[in-house]
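Per my numbering, the very first residue in the sequence shown carries number 29; after that it's consecutive. For glycine and all other residues, C-beta sits at the position ideal for the given N, C-alpha and C. All figures in this text were calculated on a predicted structure; none of them were measured in a lab.
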Amino acid sequence: MKKTLACLPILAAACLLFASCKKEYYKDGGLANPVYNGTIYDYLTEKTMYFDSVKHIIDLAGMKDMFTNDTITFFAFTDDAIRAAMNEVNSHRFAAQEDSVTMDDIGPEVWKQFISMYILRGKRMAGSFPRVARENIRAFPGINYIMLNGYILNIGLEYTNYRGVEAIGPRILYLTDVTFDPTDFRNNTTIRVASSDIQPHNGVVHALSYLHTLGFRGGEFRRVALDYLRTKE
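See below:
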């Protein structure tokens with residue numbers, strides 16, 4: 029499993045062949061063996077290069093039991109997203125001549141709010157999501173899913189072209205924050221899954237691109253975190 033996320037920072041493309049009545053391909057981050065002998069919490073704990081801070085905020089949020097015992101699908105943002113979010117908070121505090129803060133200073137309810145945006149109940153493999161096409165959303169709309177905290181994300185597979193032939197190339201799993209602009213799908217923030225179908229005992233992990241912004245919208249985590257800190261100071 030040491031190579032599970034080795035290609036995640038550069039989003040190297042690889043294809044997973046699924047055996048069924050027809051061939052289906054998914055663009056992935058290079059996952060060699062999707063089965064992990066442990067829980068989702070164990071997996072995040074072991075992959076310290078990518079999820080050390082993620083595991084820590086799960087502990088702060090009091091959600092360890094869910095990641096250990098419940099059957100869930102976790103769209104895992106990386107430590108890079110948390111680092112960028114905290115840097116944004118502290119940059120604002122620096123400009124206001126306030127002391128910097130750490131992850132431990134942010135309330136459990138804040139971390140739980142944002143972590144829950146990336147959780148679906150049950151085990152959902154990449155192939156279970158419908159097709160989505162940003163430029164032809166009426167024909168291929170994906171599906172809007174209600175995440176654990178009630179946040180709505182559109183999740184779908186983009187069918188890419190190959191050698192000029194439409195929709196026969198690798199399939200890429202995307203998440204889209206459709207609540208930003210419900211009138212035009214193309215105006216909404218979209219993030220791709222970099223490594224899909226990692227399968228611990230109690231669900232599945234789809235690892236997001238390291239370029240992802242925590243909370244999907246720039247400045248959203250900063251706003252919520254600063255509001256929380258103001259109530260405590």
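Who are the Cβ neighbours of alanine 154 in its own chain at under 6 Å, not counting the five residues just before and after it?
Correct list, in chain order: Tyr54, Leu201, Ser224 and Asp225.
Taking just the CA atoms, how far does alanine 195 sit from threonine 270?
Outside the shown range of the chain, which is 29 to 261, sits residue 270, and nothing can be said about it.
Please list, in chain order, all residues of the same chain as tyrosine 173 whose beta carbon is under 8 Å from its beta carbon, the five residues on each side excluded.
Leu148, Ile180, Leu181, Asn182 and Ile183
Label glutamate 261 either buried or exposed according to how many other C-beta atoms from any shown protein chain fall within 10 Å of its C-beta, with 16 as the threshold for buried.
Under this definition glutamate 261 is an exposed residue.
If you run the structure through DSSP and keep just helix, strand and coil, what is aspartate 209?
In this structure, aspartate 209 counts as coil in the three-state DSSP scheme.
Please report the straight-line C-alpha distance between leucine 176 and arginine 152, rounded to a whole angstrom.
Straight-line Cα distance between these residues: approximately 14 Å.
Kindly indicate which residue of Pro198, Asn164 and Ala109 has the alpha-carbon position closest to the one of leucine 236.
Ala109
Near alanine 113, which residues of its chain fall below 6 Å by C-beta distance, leaving aside the five closest residues on each side in sequence?
Leu242 and Phe249
Pick from Ala104, Ile68, Tyr64 and Val63: whose alpha carbon is nearest that of histidine 234?
Ala104
Within 7 Å of any Cβ in chain B, is that where the Cβ of serine 224 sits?
Given the protein chain composition of this structure (a single chain), no chain B is represented.
Can the beta-carbon of alanine 222 be found less than 7 Å from the beta-carbon of valine 138?
no
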